[in-house]
Amino acid sequence: MSNRNFVSESTIPQIIKNLNSMDIFNKKYIESEIISNETFKLFLEKYKNNISFYAKKLVKNSRSRLEYSINKKCYIYLENKNWFLSALIAELFRDPFLSKNFNDISFNKLQEKIFYSLKNNKIKLVIGWGQAKRSCGNLKTNGYGVDFSEFYSLSVLQIIIESIKLISNKKVNVVVLTGGDRFSSALFVNQKENNKYDNQRKIIADMLSIDGISKIILMPYGENNVPLDDLNLFINNIPEIDVMDNIKTILLNIDWINILSNSISPHNICIPDGIRYLLNNGWSINDIILMSITSILDESNSEFWIKRVGNKVIFNEVVDFFYLVSIFSTKIYLSIHLMNKIEKVMSRTNLSDAIRLTVHTKKDRNDIPSIYLLGRDGGNRLSQHTCAVFYDKKLHFLTKLEMLLLNKEFKEVYVHDSLFKEGFKSDQPFIYVDKESESYLEDISKYRFFY
């Protein structure tokens, strides 16, 4: 398992360990504004021009790199037009601002995959990416819906589309395999909210398409189709060290709101009476989630929460429930990830000839470019675990916990629901903006994706 990163990285466990007080969670942002339809349409026009600009820049740099003899040695048959175009497209992914594994990609393998894809009338790429956002008791986000983090991530994929289209002069699609169904038995994803989230991403993807033809297509990954007996056998053989290495991350990925709001018994573990007691005595579901997560991540926080609960037995009962569920979920998540591979989905959905991309570097698959969906500064973060924040003339993708530590005053910026279409409405701000940033839309519309 050391060859795989399974989930988006997070600083939350380390931050919780270093917190001096739980009082930080009492801070609220009270100022907000709504972007008018007309203002947003002007912004979108400039923003899409910026996507086209960086696509051209990516292609220009790819051509320049391919002129170097050291890079030419990575490719074959460059005297042939289609093999040359395949090399040029592959070279896009040598860009260190686009690919996390640019130094390790096997470009000759990638060139060959692209060459056979070029024989078709259209070029397809495929990437597996994400369930709906997680709030984790507001440690990560406000709720399930999209914000500018998704907008930015989809923009990166659209830049890839436009770059390949410029080189190949063919229709290009990126198929995003959404993961809500795949891990539902481990993460207990709220399917209704997940479908709404995917619909929101589809609306944004259509909005970002330059020509309305070459665009991002969202497709459900599909339910886990591994036979139950095989899955159980695999689960029972997951090493304890792998479970312990990943349990904190899975704790932060489980849809606890769905479990507690809908009285789900995860892995046949009944919700304890202690949770019902707290809910009947003024506690919110988010309060219970926050207490449990912060206590599991750092045991020293327990004293604060035991005093607030007023009953150590109830506290232990609730936290033990979260911990036990997380252990089972970690085993199932790792098993599904390793057994229900994306190649199986590609073969049954006419994607077997698609060029594969990934959001997490796979050290045992050097033919697959790993993409910075939130830019190079975003590292291994993914949009479903972050909020979009603009301050100091720069975009940042942070958890709400990280925002609190900045000790800055942000205003919540929303887009008008009618700007998109029915069903778009998100439960969180489109972006958080430093109160001192007056020209943030203009700055974002010409934002530097690369270089």
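Start counting the sequence shown at 1; every next residue gets the next number (the UniProt record's numbering).
Even glycine gets a Cβ: it sits at the ideal position worked out from N, Cα and C.
Cβ contact (3+ pairs, closer than 8 Å) linking the region 321-334 and the region 40-55: no
Exposed unless 16 or more other CB atoms sit within 10 angstroms - verdict on Ser32: Here residue 32 corresponds to residue number 32 of the sequence shown, with the count starting at 1. Exposed, since its Cβ has fewer than 16 Cβ neighbours within 10 Å.
Backbone secondary structure at Arg356 - three-state DSSP: Counting from 1 along the sequence shown, the entry for residue 356 is found at position 356. If DSSP states are grouped into helix, strand and coil, Arg356 belongs with the strands.
Pro220 versus Asp23: straight-line alpha-carbon distance, rounded: As a position in the sequence shown, residue 220 is number 220, starting the count at 1. As a position in the sequence shown, residue 23 is number 23, starting the count at 1. Going from the Cα of Pro220 to the Cα of Asp23 covers about 40 Å.
Cβ-based burial, Ser168 [other Cβ within 10 Å; buried from 16]: Numbered from 1 along the sequence shown, position 168 holds the residue referred to as residue 168. By the 10 Å Cβ count, Ser168 comes out buried.
Val176 versus Pro239 - alpha carbon distance: Sequence index remark: in the sequence shown, residue 176 carries index 176 (1-based). Sequence index remark: in the sequence shown, residue 239 carries index 239 (1-based). Whole-angstrom Cα-Cα distance: 31 Å.
4 or more residues per run - each alpha helix (DSSP H) lying fully within the region 380-447: 400-406 and 440-445
Backbone secondary structure at Ile123 - three-state DSSP: Your numbering for residue 123 matches position 123 in the sequence shown. Reduced to three states, the DSSP call for Ile123 is strand.
Identity of the residue in Asn71, Gln14, Asn26 and Phe107 nearest Arg365 by Cα: Residue numbering aside, residue 365 sits at position 365 when the sequence shown is read from its first letter. The shortest C-alpha separation from Arg365 is found at Phe107.
Option in Ile371, Lys27 and Tyr333 with minimal Cα separation from Tyr152: Walking along the sequence shown from the start, residue 152 turns up at place 152. Nearest of Ile371, Lys27 and Tyr333 to Tyr152, Cα basis: Ile371.
N-terminal and C-terminal residue of the beta strand (DSSP E) that Lys171 is part of: As a working mapping, residue 171 is identified with position 171 in the sequence shown. Run containing Lys171: Lys171 to Thr178, per the beta strand (DSSP E) assignment.
Length of the line joining the Cα atoms of Asp367 and Asn280: The count along the sequence shown starts at 1 and reaches residue 367 at position 367. The count along the sequence shown starts at 1 and reaches residue 280 at position 280. Rounded to the nearest angstrom, the two C-alpha atoms are 54 Å apart.
Segments of 3+ residues assigned as beta strand (DSSP E) that fall wholly inside the region 181-228: 216-220
Selected residue, minimal CA-CA separation from Asn103, among Gly274, Pro369, Ser352 and Lys28: In the sequence shown, counting from the first residue as 1, residue 103 sits at position 103. Comparing Cα positions, the closest option is Pro369.
Paired residues, beta bridge with Glu33 - DSSP: In the sequence shown, counting from the first residue as 1, residue 33 sits at position 33. DSSP, once it has assigned bridges, lists Val413 as partnering Glu33.
Between the CA atoms of Glu38 and Leu382 - distance to the nearest angstrom: What you label residue 382 is simply residue 382 of the sequence shown in a count that begins at 1. What you label residue 38 is simply residue 38 of the sequence shown in a count that begins at 1. Leu382 and Glu38: Cα-Cα distance of roughly 30 Å.
Buried versus exposed call for Leu154 [16 or more other C-beta atoms within 10 Å across all chains shown]: Position 154 of the sequence shown, counting from 1, holds the residue named residue 154. The residue in question, Leu154, is buried, as its Cβ has 16 or more Cβ neighbours within 10 Å.
Which listed residue (Ile217, Ile336 and Ala132) has its alpha carbon closest to that of Asp230: Along the sequence shown, one-based indexing puts residue 230 at 230. Among Ile217, Ile336 and Ala132, the Cα nearest to that of Asp230 is on Ile336.
Beta-carbon proximity check, Leu395 vs Ile15, cutoff 8 Å: As a first step, residue 395 must be located in the sequence shown, where it is residue number 395. As a first step, residue 15 must be located in the sequence shown, where it is residue number 15. No, they are not a contact pair.
C-alpha gap between Phe84 and Lys165, whole angstroms: Here residue 84 is taken as the residue at index 84 of the sequence shown, counted from 1. Here residue 165 is taken as the residue at index 165 of the sequence shown, counted from 1. Those two C-alpha atoms are separated by around 15 Å.
Inter-residue spacing [alpha-carbon to alpha-carbon] between Asn3 and Val359: The residue labelled residue 3 in the question sits at position 3 within the sequence shown. The residue labelled residue 359 in the question sits at position 359 within the sequence shown. Its pLDDT being 48, under 50, Asn3 is placed unreliably by the model, and the measurement read from it follows with that caveat. So the alpha carbons of these two residues sit roughly 14 Å apart.
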